[in-house]
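What follows is a single structure, written as structure tokens, with notes after it.
Number of protein chains: 2
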Amino acid sequence: MMDKVELKGRVARLQDKMQESECQAFIIIQNVDLYYFSGTMQNAQLYIPAAGEPVLFCRKSYQRALEECPWPIIQVGSFKTMPRHLGDLGLEAPSRLALEYDVLPVANFLGVKKIFPHAKTMDGSPWIKSVRALKSPYEIALLKNAGQKMAEVFSRVASIIRTGKSEIACAAELEVEARKTLHEGIIRLRGYNQSLFFGHFLSGASGALPSFNDGATGGAGLGAFFPQGCSEKTLAPGEPIALDYVGIYNGYQVDQTRTFVIGSLPEALYKAYQVTLEIQDAVIKQVKPGIAPSQLWDTAVSIAAQNELLDHLQGYGSDQAKFVGHGIGLEVDEPPVLARGFDAPLLENMVFALEPKFVFPGLGMVGIENTWLVTADSAEKITVFPDELIQIPE
Amino acid sequence: MMDKVELKGRVARLQDKMQESECQAFIIIQNVDLYYFSGTMQNAQLYIPAAGEPVLFCRKSYQRALEECPWPIIQVGSFKTMPRHLGDLGLEAPSRLALEYDVLPVANFLGVKKIFPHAKTMDGSPWIKSVRALKSPYEIALLKNAGQKMAEVFSRVASIIRTGKSEIACAAELEVEARKTLHEGIIRLRGYNQSLFFGHFLSGASGALPSFNDGATGGAGLGAFFPQGCSEKTLAPGEPIALDYVGIYNGYQVDQTRTFVIGSLPEALYKAYQVTLEIQDAVIKQVKPGIAPSQLWDTAVSIAAQNELLDHLQGYGSDQAKFVGHGIGLEVDEPPVLARGFDAPLLENMVFALEPKFVFPGLGMVGIENTWLVTADSAEKITVFPDELIQIPE
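Quick note, the sequences are listed as chains C and Y, same order. With my numbering applied, the first sequence corresponds to residues -8 to 385, in that order. With my numbering applied, the second sequence corresponds to residues -8 to 385, in that order.
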């Protein structure tokens, strides 16, 4: 069972924000948020009053929720009975009720409105994102564990990559290595319609293809029905092989990209890869509490421009992504976003992935990505696998 | 690119339903629905008027959408410009506009309402489910291909299972076999907060644990942060090892469960497994266009009761699932549902999974699941791997 003191701290920070907005209750429904605030991911909803202890309403499995969640738990057949149970607990029906507008489907939203017909609903998702952006020591330890595991997994890559083998055959072998380290398999993203399967195994021209995701990389994928990531393309010497993978362990995710090549890279791509390392160094040197994420984006843009690589930064043409990093934790797409317009300063204990990448249509993608913790005065690397270009003998 | 005639048929069937409800336009946003009606899954929205050709508005990647979707495509930086483009095309702003209430997040919904401030919005998701429930010959061929692939994958199971090996180690090896047959990895479910990673590898007591999913099975999983499917538990002789797996190929999914044992099953579990086969036979004998799904549920309940197994059917205690089958296709949880109250008759070309299972707390789960096509006068099996209990020598 998750430590109650840990959960209390999380709930208290949310309640501060609720009180600032005169919100009387928050019903947490999305599974990742539910886990964060209750310790369980069962079929349940967490009722958080503006002050005092939350109450978990659980449909299935009640028994597992009892073992996982330290909050009081009420077993229900339907969430429609929530108001009656709240009344029994001496809690009055909220007149201002927060919900997760960014992820909650309309049908569920209308369902809650029917159950609480007198409540004015409001969007509480910005508060959740802001609370979750600051990681506790408990969470940081789990993130570091995920970083270690992914270093272990990536240490197998060089023995998997081979000329003539398909991207998907290589990816499959890497996935099984990840699973054997207890990688959970399902990557969690918050953005609507966004998805990843482990990450992207990208080689040569196929790896330069953009995707629907709000990211720098895509990949050919298996077809229009799965248009991202590894494809049936076979690996060849001299092309960049970029692996952008998410590790998820104990619910916590790290994001890391490494670039490999069988033989050696063409000079221009090799140089571009060195520029991604230069961007990483320059950005990380600036990281400390107080700096604006937008400044870090500017740094990346400026170095790319100096090297005449701006047209290739984070994609190509109309598919260029306009950010060079993103927060990460229980979900891959958390704040802070390292992009123009994101001026709210970094804070100690934020965790983000920094991913400078250059995409060359017809040739491929090169880049580096690491996950970093903002410390009291700088940044600490969580994804500890070496950064260098990895050359595999032909 | 997907055949335009195939897509036209799908859109026409949706437009019939739109016209019946005096709906003037449907904006399709969810990625699976988008793929079904447009052939692409890029970052795009499909505007379907009540009559005439749809228009795809695409943010990213426009180039890939052009290669995948035969409808007219307009590249946009933001979907906010949709009304202006519609005006240019001579289409007037809709006064009654359908959206996918069951899956669309509130924030996206409010975004559309802002873009079309004079439109009355309505829930079009029931129409989509009803259109998608009838599979075309093209879709049936893909479903049969998925069934063949999963038979190939399951033919490897007996060589993977071994006393002392962990569920997750076995599951990982099975996953890599699936991936090498081009299994896409991401299982698609429509229900909110529902998820699966390939499916469930369940052994003994751990396999009898319920999950948050609306299904008969759960499994211990890796922890509260991933509370379903395979765990670190090791396999032992004499316990049921039930594999409930979804195959997804070319976007189309089949669902199949088989029961294995190292050595032999205790008599009571062996008998229970035979009863699941008996239920399957009895239900399938009844299947033809015109029969109500609720009748099929009644058949399953009645055979379970005759064998004094009703308390174990589809779970145990308050976690029993109240259905014995479900439609399947691009998503795992499609209509028809084989449960009480579902009286709308089966139609030719519906595809469903039938999954009678018995759960014994502390002992495990036994069951069978196959995916079936409703033909003109009966049912055809799509998941062709043999049904028998598979005994692996100790």
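For every residue, glycine included, the Cβ atom is placed at its ideal position computed from N, Cα and C.
Going by beta carbons, G254 of chain C and E158 of chain C fall outside the 8 Å limit. The beta carbons of I239 of chain C and E175 of chain C sit about 5 Å from each other, so the pair counts as a contact at 8 Å. Secondary structure of G242 of chain Y (DSSP, three-state): coil. Counting only Cβ-Cβ distances below 8 Å, I39 of chain Y has no contacts in chain C at all, with the closest Cβ about 18 Å away. For G190 of chain C, no alpha helix (DSSP H) encloses it; the enclosing beta strand (DSSP E) starts and ends at G190 to S194.
DSSP places K71 of chain C in no alpha helix (DSSP H); its state is neither H nor E.
The residues L134, G320, N340, M341, V342 and L364, in chain order, have a CB closer than 8 Å to that of K126 of chain C in the same chain once the five nearest residues on each side in sequence are set aside. Using a C-beta cut-off of 8 Å, the region 261 to 277 of chain Y makes contact with the region 357 to 371 of chain Y, since at least three inter-stretch Cβ pairs fall below that distance. G182 of chain C: not part of any alpha helix (DSSP H); DSSP gives it neither H nor E. At least one CB atom of chain C sits nearer than 8 Å to the CB of F188 of chain Y.
For L57 of chain Y and F203 of chain C, the gap between their C-alpha atoms comes out near 13 Å. Taking CB atoms only, K71 of chain C has no neighbour in chain Y less than 8 Å away. By the C-beta criterion, the region 276 to 296 of chain C is judged not to be in contact with the region 176 to 185 of chain C, since fewer than 3 inter-stretch pairs fall below 8 Å.
The Cβ neighbour count for R331 of chain C, taken over all protein chains shown within 10 Å, is under 16; the residue is labelled exposed. Assignment of beta-bridge partners to R87 of chain Y by DSSP yields Y:K111. Among the residues facing chain Y, A137 of chain C is not included, as its CB has no counterpart in that chain under 8 Å away.
Judged by beta-carbon spacing, A233 of chain C lies within the 8 Å limit of T250 of chain C, meaning their Cβ atoms are closer than that value. At a Cβ-Cβ threshold of 8 Å, Q139 of chain Y and V375 of chain Y count as neighbours. Counting C-beta atoms within 10 angstroms of its own C-beta, V144 of chain Y has 16 or more neighbours from the protein chains shown and is therefore classed as buried. Put simply, of C:Q66, C:D24 and C:V266 the residue whose alpha carbon is nearest the alpha carbon of V357 of chain C is C:V266. Residue pairing by DSSP places T248 of chain C opposite C:D235 and C:E360 in a beta bridge. Interface annotation, R331 of chain Y: not in contact with chain C, CB-CB separation never under 8 Å. Taking C-alpha positions only, V23 of chain Y is separated from M113 of chain Y by approximately 20 Å. One thing to note: A137 of chain C has its Cβ no nearer than 8 Å to the Cβ of G355 of chain C. Partner residues in a beta bridge of F376 of chain Y, as assigned by DSSP, do not exist. Sequence-ordered contacts of the region 87 to 109 of chain C with chain Y read L90, E91, Y92, D93, V94, L95, P96, V97, A98, N99, F100 and L101 [C-beta pairs closer than 9 Å]. At a cut-off of 8 Å between beta carbons, I159 of chain Y contacts chain C.
By alpha-carbon distance to P74 of chain C, the top candidate from C:A42, C:P61, C:H109 and C:E59 is C:H109.
When the alpha-carbon of R147 of chain Y is set against those of Y:E168, Y:A163 and Y:Y129, the nearest one is in Y:E168. Comparing C-alpha distances from K120 of chain C to each of C:P218, C:Y27, C:G214 and C:L329 shows the shortest one belongs to C:Y27.
Under the Cβ criterion of 8 Å, A132 of chain C is not counted among the residues facing chain Y. CA-to-CA, the gap between P280 of chain C and V122 of chain C works out to about 16 Å. The region 46 to 55 of chain C and the region 84 to 97 of chain C do not touch, with fewer than three beta-carbon pairs separated by less than 8 Å. CA-CA distance, Q66 of chain C to P201 of chain Y, rounds to 15 Å. Using a Cβ-Cβ cut-off of 8 Å, R170 of chain Y counts as an interface residue toward chain C, since at least one Cβ of chain C sits closer than that to its own.
Put simply, the region 211 to 221 of chain C does not touch the region 305 to 320 of chain C. Fewer than three CB pairs are less than 8 Å apart.
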